[in-house]
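Residue 626 in full-length UniProt numbering sits at position 626 of the sequence shown, with consecutive numbering throughout. Quick reminder that beta carbons are idealized off the backbone N, C-alpha and C, glycines included. All figures in this text were calculated on a predicted structure; none of them were measured in a lab.
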Amino acid sequence: MMEEEELEFVEELEAVLQLTPEVQLAIEQVFPSQDPLDQADFNAVEYINTLFPTEQVKEITRDIKQLDHAKRHLTTSITTLNHLHMLAGGVDSLEAMTRRRQYGEVANLLQGVMNVLEHFHKYMGIPQIRQLSERVKAAQTELGQQILADFEEAFPSQGTKRPGGPSNVLRDACLVANILDPRIKQEIIKKFIKQHLSEYLVLFQENQDVAWLDKIDRRYAWVKRQLVDYEEKYGRMFPREWYMTERISVEFCHVTRTELSKIMRARAKEIEVKLLLFAIQRTTNFEGFLAKRFSGCTLTDGTLKKLESPPPSTNPFLEEETAPEMEELALEKGELEQPKKPKAPDNPFHGIVSKCFEPHLYVYIESQDKNLSELIDRFVADFKAQGPPKPNTDEGGAVLPSCADLFVYYKKCMVQCSQLSTGEPMVALTTIFQKYLREYAWKTLSGNLPKTSSSSGGLTISSLLKEKEGSEVARFTLEELCLICSILSTAEYCLATTQQLEEKLKEKVDVSLTERINLTGEMDTFSTVISSSIQLLVQDLDAACDPALIAMSKMPWQNVEHVGDQSPYVTSVILHIKQNVPIIRDNLASTRKYFTQFCIKFANSFIPKFITHLFKCKPISMVGAEQLLLDTHSLKMVLLDLPSIGSQVVRKAPASYTKIVVKGMTRAEMILKVVMAPHEPLVVFVDNYIKLLTDCNTETFQKILDMKGLKRSEQSSMLELFRQRLPAPPSGTESSSTLSLMAPTPEQESSRIRKLEKLIKKRL
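Below is the structure:
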């Protein structure tokens, strides 16, 4: 000890004597010295070794070192003897106090004896030391057995009556148990809790009336009374860090879960949905009560998963369950775009009892299946009774109220089921959701799309397009057009909300089951309803324009003598467009992208059909061609203005739509310009055709010759020259016919589209 103190003093002294270079330089200038002791880098060891470089150094300090060693050994011996005296006396006192059950004194003494004994680990080879160590171990064993016996006497396992109050002896015994082997403490806790809950097992036996689910409240009321009773009688007997009230509650939960599982297996046929939900609600309320009172620090049995904070989410469907009314309101309005930061779970007791209900949740799932089936039937019946929604020209197409009702119910079921279980029952509920999303799409939406009078066997594309010449065209009424728009808007709402529902379900379900949550098929179903609705709107307007196009093809264009205003058939087409498009636009105001799709699909359908009928106008005189060119330009301007026609607010048409109209109608204009051009000289005519139409198809060229009214004999030489004047095909292309197949004309493309639409409608 003296050596250590001296070394510390030297180190402190050196630290004090360390001077800065500037101060050292100033001192040397004021007091110049050649003495090594005055040097700034003076080293005492090197200086001594310089003075005493031989073994006789060592002889001088040898006696000093011997004295230092003797001093150190003497100090150690005295300390060890003191520890030995303390250990021997402590063991004697410990044994005596143990026999007298002086647990308060034992608790303080035992810890000290164990601390002193640690100093003798390296002396265990000495018989006397080993004997003292064995006596300490024996005293610990005796203490443990004696304390367990005292608790067994105070709280007998088979006893029918508890002592009236806490015991000071047992309170001090708990302090000793904290020092002894942890198994002693665990055994005390186990026996006390078992004895404390023995009455519960008798009162709520399986054959007792109060044991059934309808009286589950009595179980939780009983344990609450027991906790109050414990605090009054035994609250001070057990150390606070033993968390006895929480341990009693946790053990009660384990016993209750086991007992409820047994009785529900035995009486499974008696479990009804209302009874099951009642029991689950009361149980989850009790679990919430435990979470408010206890921290959950004793949940170490592995029966519950450790709750962790969920990762950050960007789910637009995310809403907290604390305000269900606000959730339903937001769901009805479709205002679920703002994500909220998820809260970390704050109930470590969730599922500690309610887990037992999970095997019986099939009753709940079957009930939801039945309820949703009735809900869909009610939607269908209400639609038939109330009729289609009223036309809407202000705020866009009305979404059917039934879709909001459906998703509000889904939300309620999802939240309720997630509180019951996040495992397989959630997957089963998702399957039910999928089933009735499809049924809603087909029964309530697609099933209510209007059908034309000419289609007794259901709505098909051909029924809308196959109209006899001169016959009255079957048209949708204003109410039917509004209904189609309403169904389209509803399908769009369902599509977006179904996507959000899928994301929310994946958040609610266990991570291992997220891959089994997939509503893509249902979203595709709503997309199909949207496409069908748009196609109906296109077909209706398209069919309305058919008689005008037929009239165009029947006019004697070779007899037209002068160019006037636009022809009657153009006026008819424009009239139909002005009748339908504003209605559709106003009722799709909330879904602008689908109105744009309607415009694009109509242009892709009408323009190829117009060109097809244009080819039927033969023969055509020069003046007739000029009139047709004027009509074509008028239609082109109307089509370019179609998205905003009849609207007070003029918006620029989407670029994608404008490109289609310009390309298609420019082709029609080029056809007429070729027809107007003189066919002699032949080479100039052919080259002009190839330049204007860039069409290598001989069929198109021959149609133009027919429009010009040329005879077959004249056409043969022109066709031959046409083939000769065609540009050389690209490398790897065999002939112009192959090139034509590779780049189909708009007429061919339109035909393919119509065939595809027929096939889709047939399958639907």
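Label residue i either buried or exposed according to how many other C-beta atoms from any shown protein chain fall within 10 Å of its C-beta, with 16 as the threshold for buried.
i           : result
residue 295 : exposed
residue 768 : With the chain covering only 1 through 764, there is no way to say anything about residue 768.
residue 350 : buried
residue 679 : buried
residue 686 : buried
residue 605 : buried
residue 298 : buried
residue 637 : exposed
residue 69  : exposed
residue 78  : exposed
residue 763 : Residue confidence for residue 763 is low, a pLDDT of 43 falling below 50, so the modelled location carries little weight; the figure read from the coordinates is stated next. Exposed is the call here.
residue 772 : This structure cannot speak to residue 772, because the chain is shown only from 1 to 764.
residue 182 : exposed
residue 448 : buried
residue 576 : buried
residue 132 : buried
residue 656 : exposed
residue 80  : exposed
With DSSP run on the structure shown, which of helix, strand or coil describes residue i?
i           : result
residue 92  : helix
residue 557 : helix
residue 408 : helix
residue 652 : coil
residue 608 : helix
residue 101 : coil
residue 283 : helix
residue 66  : helix
residue 647 : coil
residue 475 : coil
residue 696 : coil
residue 564 : coil
residue 592 : helix
residue 418 : helix
residue 377 : helix
residue 513 : helix
residue 174 : helix
residue 367 : helix
residue 529 : helix
residue 28  : helix
residue 298 : coil
residue 551 : helix
residue 353 : coil
residue 617 : coil
residue 578 : helix
residue 781 : Summary: the structure shown does not reach residue 781, with the chain confined to residues 1 through 764, and so no result is reported for it.
What are the boundary residues of the alpha helix (DSSP H) that includes residue i?
i           : result
residue 621 : It is not in any alpha helix (DSSP H) - residue 621 carries neither H nor E in the DSSP assignment.
residue 519 : Per DSSP, residue 519 belongs to no alpha helix (DSSP H) and is neither H nor E.
residue 444 : Premise fails: residue 444 is in no alpha helix (DSSP H) and is neither H nor E.
residue 133 : 127–154
residue 426 : 424–439
residue 20  : Looking at the DSSP string, residue 20 is not in any alpha helix (DSSP H), and its letter there is neither H nor E.
residue 48  : 44–51
Give every residue of the same chain whose Cβ lies closer than 7 Å to the Cβ of residue i, excluding the five residues on either side of it in the sequence, and list them in chain order.
i           : result
residue 180 : 140, 143, 144
residue 445 : 487, 490, 491, 529
residue 273 : 363, 364, 367
residue 129 : 120, 123
residue 560 : 621, 623, 624, 627
residue 793 : The question about residue 793 has no answer here: the residues shown for the chain are numbered 1 through 764.
residue 425 : 358, 361, 365, 417
residue 369 : 432
With a cut-off of 8 Å, does the C-beta of residue i fall near any C-beta of chain D?
i           : result
residue 188 : The question asks about chain D, but that chain is absent: this structure has only one protein chain.
For residue i, which residues of its own chain have a beta-carbon under 6 Å away from its beta-carbon, when the five flanking residues on both sides are left out?
i           : result
residue 788 : Here the chain covers residues 1 to 764 and nothing more, so residue 788 does not appear.
residue 97  : 105, 106
residue 358 : 421
residue 400 : 490
residue 250 : 298
residue 615 : 703
Which same chain residues, not among the five before or five after residue i, have their C-beta less than 8 Å away from its C-beta?
i           : result
residue 247 : 189, 193, 298
residue 255 : 197, 200, 201
residue 275 : 213, 214
Measuring from the CB of residue i, is there a heavy atom of the ligand GDP at a distance below 7 Å?
i           : result
residue 232 : Although the ligand GDP was asked about, the structure shown includes no ligands whatsoever.
Every unbroken beta strand (DSSP E) inside the segment 657–693 [3 residues or more]: none
In chain order, each beta strand (DSSP E) run of at least 3 residues that lies wholly inside the segment 181–257: none
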